[in-house]
Amino acid sequence: GALEALAEEFPGGRVLVVAHGTLLRVSLSRAIGRTLHGIDNAVLNLAHHHAVDGWELEYFNGERVVAAVQG
Numbered sequence: 056g057a058l059e060a061l062a063e064e065f066p067g068g069r070v071l072v073v074a075h076g077t078l079l080r081v082s083l084s085r086a087i088g089r090t091l092h093g094i095d096n097a098v099l100n101l102a103h104h105h106a107v108d109g110w111e112l113e114y115f116n117g118e119r120v121v122a123a124v125q126g
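Quick note, in the working numbering, the sequence shown goes up one by one and the last residue is 126.
Written out as structure tokens, the structure is:
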């Protein structure tokens, strides 16, 4: 997907993605391997990509979360 392509293009770097809520929700859901419901406007959603472990979601809808990591 798009997030995986960005992670490969900018390994170890920081990338800012600004998009419509549905696109962000679907992309983040796919990246972490679980369904996220609803996404508010203008809030922080922060995910980290780890080369070995995959994606980790740190913030969703402006709140710190614990999320599954998917390789």
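All residues carry an ideal CB built from backbone N, CA and C; glycine is no exception.
Go to residue i, then tell me how far its alpha helix (DSSP H) extends in each direction, as first and last residue.
| i | result |
| --- | --- |
| Ala74 | Careful: Ala74 lies outside any alpha helix (DSSP H) and carries neither H nor E. |
| Ala62 | 57-64 |
Under 9 Å, do residue i and residue j count as touching if we go by C-beta distance?
| i | j | result |
| --- | --- | --- |
| Trp110 | Leu58 | yes |
| Leu78 | Phe115 | no |
| Ala86 | Gly67 | no |
If I follow the unbroken beta strand (DSSP E) through residue i, where does it start and stop?
| i | result |
| --- | --- |
| Gly109 | 109-115 |
| Leu101 | 101-105 |
Could you tell me the distance, in whole angstroms, from the CA atom of residue i to the CA atom of residue j?
| i | j | result |
| --- | --- | --- |
| Leu83 | His105 | 14 Å |
| Arg69 | Val120 | 20 Å |
| Leu99 | Ala74 | 12 Å |
How close, in whole Å, do the beta carbons of residue i and residue j come, if the pair is a contact with beta carbons under 8 Å?
| i | j | result |
| --- | --- | --- |
| Ile94 | Gly117 | 10 Å between Cβ atoms; not a contact. |
| Leu112 | Ala97 | That belief does not hold up - the Cβ atoms of Leu112 and Ala97 are roughly 18 Å apart, past 8 Å. |
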